[in-house]
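Notes to accompany the following structure.
In my numbering, the protein residues as written are 419 to 770.
Written out as structure tokens, the structure is:
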């Protein structure tokens, strides 16, 4: 039976603040949206205490852990919580709703604050996310934007969003451009769990009576997996197709991947990802073109010899409505051209 000082995950919105007392590493991997991180053990301290618990003495580990946790809680009372009013009621959680959150909750309640522990801790939140991933994606009607690499699909989504349409931008959530060369330098992708948290946040904002525009994706975006139920629903959904000229696509990609031009060496090393698909001679040529800054030639060859064939096979086999998709033709993928394209899409036969 749930005690009077614990709260269910569904009650979290009724609290003034949600406090995640797990380590910074645990918090960075994923956390309840809106929660602040007040770790009672550092990353290193948790390893030390955990190792002592398993390999030496659970009793000694608890003593060491309790001393460290007490010091941290004291510091938060003197800083983070110093100006909180008497009526402040925070919800506190750790991994399972155990000793870390229990310790902070006990001390805060002794002061007079109505602190409560999240029943089940982070694991209860994660269970909720997994449940929603299996049900929520099916509640919406999607319009899948397809088109060969360099067709500015992500920029079209961005413009559709600005024009008031409902947009699910999976690549933005994944911090990746989707292709094998799509990693963004110096900006790591989120963890799989954080990606799924952000995905649920995005879906929960949508109106089920309106279309959700989404870009056609493969099963993986960089290192992250698109949840199965969402992907299966997308693949059965109606499609539209952006048909852009090769010249427009080359010009767009050179602009959109400008960081490769700033750092050709990064692109040269990334080209090696294609070693299982192309000959050593082809890869050597592409690296040479990058080294020499011959960007239009390089991008044209990458599109014609690599991306286009892969894309056609992928869309035909995965998106059942790809062949019957309404096409939108363009030779202009400048900002103005993308604006025109997005407005044409909004006024298409699917418009609701």
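Where a beta carbon is used, it is the ideal one built from N, C-alpha and C, also for glycine.
Predicted model, so just to flag it, every value in this text is computed and none were measured.
DSSP three-state assignment for residue i, whether helix, strand or coil
i, result
"residue 402", "There is simply no residue 402 to check, as the chain begins at 419 and stops at 770 in what is shown."
"residue 638", "strand"
"residue 683", "helix"
"residue 745", "strand"
"residue 724", "helix"
"residue 664", "helix"
"residue 605", "coil"
"residue 712", "coil"
"residue 425", "strand"
"residue 594", "coil"
"residue 692", "helix"
"residue 643", "strand"
"residue 547", "helix"
"residue 523", "helix"
"residue 738", "coil"
"residue 599", "coil"
"residue 612", "helix"
"residue 669", "helix"
"residue 623", "coil"
"residue 514", "coil"
"residue 760", "helix"
"residue 766", "coil"
"residue 448", "coil"
"residue 697", "coil"
"residue 500", "coil"
"residue 675", "coil"
"residue 750", "coil"
"residue 460", "coil"
"residue 581", "coil"
"residue 474", "coil"
"residue 570", "coil"
Cβ-heavy atom distance, residue i to the ligand GTP, below 6 Å
i, result
"residue 642", "Absence of the ligand GTP from the depicted structure is noted, as is the absence of any ligand whatsoever, leaving it without description."
Between the CA atoms of residue j and residue i - distance to the nearest angstrom
i, j, result
"residue 438", "residue 685", "39 Å"
"residue 543", "residue 433", "15 Å"
"residue 419", "residue 426", "With a pLDDT of only 37 at residue 419, under 50, the local geometry of the prediction cannot be trusted, and the value read off the model is given with reservation. One C-alpha to the other measures close to 12 Å."
"residue 678", "residue 640", "17 Å"
"residue 424", "residue 460", "25 Å"
"residue 744", "residue 565", "11 Å"
"residue 567", "residue 725", "6 Å"
"residue 499", "residue 507", "11 Å"
"residue 614", "residue 645", "8 Å"
"residue 785", "residue 511", "The question about residue 785 has no answer here: the residues shown for the chain are numbered 419 through 770."
"residue 570", "residue 756", "8 Å"
"residue 537", "residue 574", "43 Å"
"residue 628", "residue 560", "9 Å"
"residue 584", "residue 514", "36 Å"
"residue 734", "residue 651", "16 Å"
"residue 435", "residue 457", "15 Å"
"residue 440", "residue 546", "19 Å"
"residue 697", "residue 689", "12 Å"
"residue 502", "residue 450", "21 Å"
"residue 631", "residue 680", "32 Å"
Which residues DSSP lists as bridging residue i, in chain order
i, result
"residue 657", "562"
"residue 455", "438"
"residue 465", "Looking at the DSSP assignment, residue 465 forms no beta bridge with any residue, so it has no partner."
"residue 509", "436, 534"
"residue 586", "632"
Spatial neighbours of residue i in its chain, beta-carbon cut-off 6 Å, leaving aside the 5 residues before and after
i, result
"residue 710", "none"
"residue 526", "533"
"residue 655", "560, 562"
"residue 382", "No answer is possible for residue 382: the residues shown for the chain start at 419 and end at 770."
"residue 464", "441"
Contacting residues, own chain, Cβ-Cβ under 8 Å from residue i (five flanking each side not counted)
i, result
"residue 746", "658, 659, 660, 661, 759, 762, 763, 766"
"residue 642", "592, 594, 607, 608, 610, 613"
"residue 401", "This structure cannot settle anything about residue 401, because the visible part of the chain is limited to 419 through 770."
"residue 529", "495"
Contacts around residue i, its chain only, beta-carbon distance under 7 Å, and the 5 residues preceding and following it disregarded
i, result
"residue 752", "none"
"residue 478", "470"
"residue 716", "704, 707, 708"
"residue 653", "736, 737, 738"
"residue 448", "609, 611, 612, 615"
"residue 750", "666"
Taking contact to mean 3 or more Cβ pairs, one atom from each stretch, closer than 8 Å, check whether the segment 545-557 and the segment 725-744 are in contact. no
Contact the segment 661-671 vs the segment 597-608: 3+ CB pairs below 8 Å: Touching, no.
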